[in-house]
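Using the working numbering, the letters of the sequence shown correspond one by one to residues 120 to 662.
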Amino acid sequence: MKKKIFLPMLVSLQLLFGSCENNFDPYIYGALLQGEYPSTEQEYVSYMMICYLPYTTVWTYDMGSGGLQHGIHIQSGGTVRMFDSTSDICASATTVGADWERFTKGDYSNCFYYWRGNVDDGSNLNHFPKTAQITRMTEIIGTLEKAPLTALTEEKKNNLLGEARLCRGLMMYFLLHVYGPVPVILDPEKVIDPEALSNTVRPSLDEMTQWITDDLEFAAKNAPEVAPDLGRYTRDYARFCLMKHCLNEGEHMEGYYQRAMDMYNELNTGKYDLFRTGSTPYVDLFKNANKFNKEIIMAVSCSPAADGNPKHGNANPFLMWALPSDVAKGDPFPMGGGWFQAFSMDKKYYDAFESNDGRLKTIVTSYKDKNGVIINKDNLGVRWNGYIMNKFPQETMTTFQGTDIPLARWADVLLMYAEAEVRKTGTVPSVAAINAVNQVRNRAGLANLPAVATNTKDAFLDAILIERGHELFYEGNRKIDLIRFNKYAQEMYKAKGVMPTHQYMPIPNYAVEQAVSYGKELKQTWERPGWAEDKSKAQQNIN
Numbered sequence: 120m121k122k123k124i125f126l127p128m129l130v131s132l133q134l135l136f137g138s139c140e141n142n143f144d145p146y147i148y149g150a151l152l153q154g155e156y157p158s159t160e161q162e163y164v165s166y167m168m169i170c171y172l173p174y175t176t177v178w179t180y181d182m183g184s185g186g187l188q189h190g191i192h193i194q195s196g197g198t199v200r201m202f203d204s205t206s207d208i209c210a211s212a213t214t215v216g217a218d219w220e221r222f223t224k225g226d227y228s229n230c231f232y233y234w235r236g237n238v239d240d241g242s243n244l245n246h247f248p249k250t251a252q253i254t255r256m257t258e259i260i261g262t263l264e265k266a267p268l269t270a271l272t273e274e275k276k277n278n279l280l281g282e283a284r285l286c287r288g289l290m291m292y293f294l295l296h297v298y299g300p301v302p303v304i305l306d307p308e309k310v311i312d313p314e315a316l317s318n319t320v321r322p323s324l325d326e327m328t329q330w331i332t333d334d335l336e337f338a339a340k341n342a343p344e345v346a347p348d349l350g351r352y353t354r355d356y357a358r359f360c361l362m363k364h365c366l367n368e369g370e371h372m373e374g375y376y377q378r379a380m381d382m383y384n385e386l387n388t389g390k391y392d393l394f395r396t397g398s399t400p401y402v403d404l405f406k407n408a409n410k411f412n413k414e415i416i417m418a419v420s421c422s423p424a425a426d427g428n429p430k431h432g433n434a435n436p437f438l439m440w441a442l443p444s445d446v447a448k449g450d451p452f453p454m455g456g457g458w459f460q461a462f463s464m465d466k467k468y469y470d471a472f473e474s475n476d477g478r479l480k481t482i483v484t485s486y487k488d489k490n491g492v493i494i495n496k497d498n499l500g501v502r503w504n505g506y507i508m509n510k511f512p513q514e515t516m517t518t519f520q521g522t523d524i525p526l527a528r529w530a531d532v533l534l535m536y537a538e539a540e541v542r543k544t545g546t547v548p549s550v551a552a553i554n555a556v557n558q559v560r561n562r563a564g565l566a567n568l569p570a571v572a573t574n575t576k577d578a579f580l581d582a583i584l585i586e587r588g589h590e591l592f593y594e595g596n597r598k599i600d601l602i603r604f605n606k607y608a609q610e611m612y613k614a615k616g617v618m619p620t621h622q623y624m625p626i627p628n629y630a631v632e633q634a635v636s637y638g639k640e641l642k643q644t645w646e647r648p649g650w651a652e653d654k655s656k657a658q659q660n661i662n
């Protein structure tokens, strides 16, 4: 399908190609004059790259519908905000207020009132417009599918389709875990079909699960084995994402636990391993000196020169929302404080770590303020909300850091493998599964799991959930993990004494009302079958 070139589209491409540190060559293909587009290999590549816009870490991006949106990996609105700050890890953000505080308490009641248009961190963290961006990606996929062999070889076409479908699959994955199943258009022939566009009803969980699987499966077979440019997605990243998706949905989809294990076997070639260099390997794993080390399957490549402007590269501004504003300059924060502390570690969560856990070295339990006063646990809830997450430290004298944002790590693969195996067999874990967990523990300086944690399926799963939280905190996983274990309500109450208002965010009123205008019913809230049981168990703890 050929497209006319319009200036707004070229502007969006310009923003994208200028937005990454060594990620994508900053070329603008095509001309400003209207004409047939895309028509050359370079133009098809640039057209596909539009699908990457939601995966850059700039303040916001615009794909032409729904206003400015937060990217999937920018911490203020992406996976960290949606899946870590809303979990038992993060202390309640009482010093910040608005939806920053509400989300940390599992309170999604304000989401009903979100509006169309640009996102707002405090009061309009609306991701529902991304459903329209799925349609945009579908149109791009359709264009790639119709590319003639004179422009793209079959192999190149499939590589580009693999990247585009991985981007689309990951967008659906994100939306599924924010809202539950949502209406999307996946047939390129229907992207401008009024009937399809007005069919705003939720699909079933099985349907949306399969749609995501189809995209990830295609990418796992067709995306490039080696990234054409640093930061572009690969076949191994698709395998990782498929493994995680199958683990999440294995309870209701036959064969998914085995498929997760298949992906482990495809990844377990010796190419990846835990980073074990030095005396503090977990601390050093995330530092600039060790970018794309052997543990990293995929990461957002960031630049210390980035400032949130799309033209200046991907930023890692995590500490701006993790540091209280009154932190004095000095060790370990040479640049001083952030804007405000929305992201932190709850003291109860910190206290649950084993005392000799090397991962605790990335957590700061006191700091000196600008007046030289030491702020510690006695000031929690007043001067600061929780302990400081220093996983991505200030290594350069720049406002934001160039520390890469990990998207897929071998430690996660090991823990997923162990969980998938025991869920598939339904019995006590194998030696291999136990060893996978122990590798992660040993790297943190901990002993092997005790026998009491491995002598039953349930005990082993409990140990894995703990280990996942202690290993992967603030990497965008925790709420998804808690829901998979059907413990979201229980763990939120144990940590904070609160019951989440919903398992997933409600869809905004305006979208529900629009569906009514089409004669459709868009169910505003959604939960998995185990949610009632989870709440009941949490309620028992309350009583």
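Virtual Cβ for every residue (Gly too), placed ideally from N, Cα, C.
- The beta carbon of His-189 lies closer than 7 Å to those of Thr-179, Ser-195, Gly-196, Gly-197 and Val-238 in the same chain, with the five residues before and after it left out.
- In the DSSP assignment, Val-492 falls outside any beta strand (DSSP E), carrying neither H nor E.
- For Arg-603 and Lys-576, the gap between their C-alpha atoms comes out near 15 Å.
- The three-state secondary structure of Ala-357, taken from DSSP, is helix.
- DSSP places Glu-594 outside both helix and strand once states are collapsed to three, so it counts as coil.
- With distances taken between CA atoms, Trp-529 lies nearest to Val-559 out of Glu-610, Val-559 and Ser-242.
- When C-alpha distances from Ala-339 are compared across Gly-236, Ser-242 and Lys-363, the shortest belongs to Lys-363.
- Asn-475 and Asn-341 have their alpha carbons spaced roughly 44 Å apart.
- Between Met-618 and Cys-230, the CB-CB gap reaches or exceeds 7 Å.
- Counting the other CB atoms within 10 Å of its CB gives Asp-312 a total below 16, which places it among the exposed residues.
- In the DSSP assignment, Val-419 falls within the unbroken beta strand (DSSP E) covering 415 to 419.
- When the alpha-carbon of Leu-324 is set against those of Cys-286, Thr-214, Tyr-233 and Tyr-298, the nearest one is in Tyr-298.
- Distance from Arg-255 to Phe-222 at the Cβ level is roughly 27 Å; contact not present, criterion being Cβ atoms closer than 8 Å.
- With fewer than 16 other Cβ atoms from the protein chains shown falling within 10 Å of its own Cβ, Leu-268 counts as exposed.
- Check the Cα spacing between Gly-564 and each of Arg-502, Arg-647, Gly-616 and Arg-478: the tightest is with Arg-478.
- Selection Asn-243, Ala-266, Arg-358 and Ala-634 evaluated against Gly-288 yields Arg-358 as nearest (Cα-Cα).
- Around the beta carbon of Val-532, a 10 Å sphere encloses 16 or more other beta carbons of the protein chains shown; the residue is thus reported as buried.
- Nearest C-alpha to Phe-293 among Ser-158, Gly-595 and Thr-205: Gly-595.
- Going by DSSP, Pro-525 is part of no alpha helix (DSSP H) but of the beta strand (DSSP E) stretching over 524 to 528.
- Within the DSSP bridge table, the entry for Glu-640 names no partner.
- In this structure Pro-300 is buried. Its beta-carbon is surrounded by 16 or more other beta-carbon atoms within 10 angstroms.
- Between Phe-394 and Lys-406 the beta-carbon gap is near 10 Å, outside 8 Å, which marks them as no contact.
- For Gln-513, the closest alpha carbon among the candidates His-296, Phe-437 and Leu-580 is that of Phe-437.
- Of the other Cβ atoms in all chains shown, fewer than 16 fall within 10 Å of the Cβ of Gln-658; this residue is therefore exposed.
- Between Met-535 and Leu-366, the C-beta gap is smaller than 7 Å, which places the two residues in contact.
- Comparing alpha carbon positions, the residue from Arg-562, Thr-319 and Leu-568 closest to Pro-548 is Leu-568.
- When the five nearest sequence neighbours on each side are left out, the beta carbons in the same chain lying within less than 6 Å of the beta carbon of Thr-214 are those of Asn-504, in order along the chain.
- In this structure Asp-470 is exposed. Its beta-carbon is surrounded by fewer than 16 other beta-carbon atoms within 10 angstroms.
- In the DSSP assignment, Gln-161 falls within the alpha helix (DSSP H) that extends over 160 to 167.
- Contact between Val-320 and Lys-639 holds: their C-beta atoms lie close to 5 Å from each other, under 8 Å.
- Rounded to whole angstroms, the separation of the alpha carbons of Asn-554 and Lys-642 is 44 Å.
- The C-alpha of Asn-243 is placed about 31 Å away from the C-alpha of Tyr-356.
- Per DSSP, the unbroken alpha helix (DSSP H) holding Asp-333 starts and ends at 324 to 341.
- Counting only residues of its own chain and dropping the five nearest sequence neighbours on each side, Cys-360 has a CB closer than 6 Å to the CB of Leu-335.
- Val-446 has Asp-488 as its beta-bridge partners, per DSSP.
- Beta bridge pairing from DSSP links Val-483 with Ile-507.
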